[in-house]
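Numbering (this note's numbering), first residue to last: 4 to 337.
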């Protein structure tokens, strides 16, 4: 079932999806974003909201954390705010010390998307067109962000796009979680399991160096499971550099689940994706009105960041007329 209401003032709308098990998910057309993920976990009948949330679009405008938002056309940082496509150099809007972060300035996460509601499939589709030249990116790109809540407690997130010119495209969702539901508490004791034998180290500019490093004997080895604390408490240079984690892990196989378990053992998050990597960020530079230092984590499923400028990182080229499709599933157990 889907209920619709205003989300703040003006164009902002709120969509509330619920399933047969009592799970509820809030969405908004402002940034095609996830607002809430409510789980009927508590013994007193109260819901646990495990997603970093705001109450209006204006609250989201006051932060540069991108909570719950769709990131397009290209997630992560682009070195030098430029790349070449078919031998032609394109320069993009700089919004972070000579780099382009999450698509540049005034991106789709601050726009009101067109909306279509499918009650039968418990699904909401948000759509918009990124105009040719928007922040320097070529091509009119027609983008859809499709959210569906199933009775298997799966929040399915699908991105589709078609461009009228060759371009680059690497979307993600920037939803933040704290499986305790208390964003004043660190996620240090959350347990992570990820089948990834390599990660991408960062340079001083927070960009991948272009190397993929073996996780063995580092705080980045979560193949058998470990808590985020193993990086928070580490003097390993990569953890010190970003005060935690803000790194891509290259999955050994796509569709092998990434798992996170709450410290109280009541909630498990299982993430499956058809994307090759997951960027894990642990809220290292907090805005305190939303969450404390290390009070949340994000699992950004995407192609490797800055792939357009690094050999061996794969291709994010979207050719004219080709349909881009990605799918990520967030499943919850309690």
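C-beta atoms are modelled at their ideal positions from N, C-alpha and C, and glycine is treated no differently.
In the structure shown, the three-state DSSP call for residue 241 is helix. With the rule of 3 Cβ pairs closer than 8 angstroms, the region 46–54 does not count as touching the region 76–96. Judged by pairs of C-beta atoms under 8 angstroms, the region 279–299 touches the region 246–266, as three or more such pairs exist.
Apart from sequence neighbours up to five positions away, the residues of its chain that approach residue 246 with a beta-carbon distance below 6 angstroms are 287, ordered along the chain.
Each of 26, 21, 51 was checked against the Cα of residue 123, and the nearest Cα belongs to 21. Around residue 312, the same chain offers 82, 86 as residues with beta carbons nearer than 6 angstroms, after the five sequence neighbours per side are excluded. When the five nearest sequence neighbours on each side are left out, the beta carbons in the same chain lying within less than 7 angstroms of the beta carbon of residue 190 are those of 181, 231, 285, 297, 298, 299, 300, in order along the chain. For residue 258, the CB contacts under 8 angstroms within the same chain, skipping 5 residues up- and downstream, are 275, 276, 277 in chain order. Under DSSP, residue 225 shares a beta bridge with no residue. In the three-state DSSP reduction, residue 121 falls in the strand class (E or B). With contacts defined as CB atoms closer than 9 angstroms, residue 37 and residue 178 qualify as a contacting pair.
For the 9 angstroms CB-CB criterion, residue 152 and residue 26 form a contact.
When C-alpha distances from residue 28 are compared across 126, 118, 74, the shortest belongs to 126. Residue pairing by DSSP places residue 262 opposite 196, 273 in a beta bridge. Take the alpha-carbon of residue 172 and the one of residue 74: they are about 10 angstroms apart. For residue 87, the uninterrupted beta strand (DSSP E) segment begins and ends at 85–88. Residue burial annotation: residue 336 is exposed, with fewer than 16 other C-beta atoms found within 10 angstroms of its C-beta. In this structure the region 89–101 does not touch the region 211–230; the number of beta carbon pairs closer than 8 angstroms is below three. Looking at the backbone, the Cα of residue 18 and that of residue 211 are separated by about 37 angstroms. One Cα belongs to residue 202, the other to residue 175, and the distance between them is close to 18 angstroms.
Residue 138 carries a helical assignment under DSSP once its states are collapsed to helix, strand and coil.
The C-beta distance from residue 334 to residue 52 rounds to 17 angstroms, too long to fall under 8 angstroms, and the pair is not in contact. Across the structure, residue 192 and residue 142 are spaced so that their CA atoms are roughly 44 angstroms apart. For residue 266 and residue 188, the gap between their C-alpha atoms comes out near 11 angstroms. Residue 150 sits away from residue 15, with the two beta carbons spaced by 9 angstroms or more. By the Cβ neighbour-count rule, residue 40 is buried, with 16 or more other Cβ atoms within 10 Å of its own. Note on residue 166: 16 or more other CB atoms within 10 angstroms of its CB, so buried under the neighbour-count rule. Around the CB of residue 106, 16 or more other CB atoms lie within 10 Å, so the residue is classed as buried.
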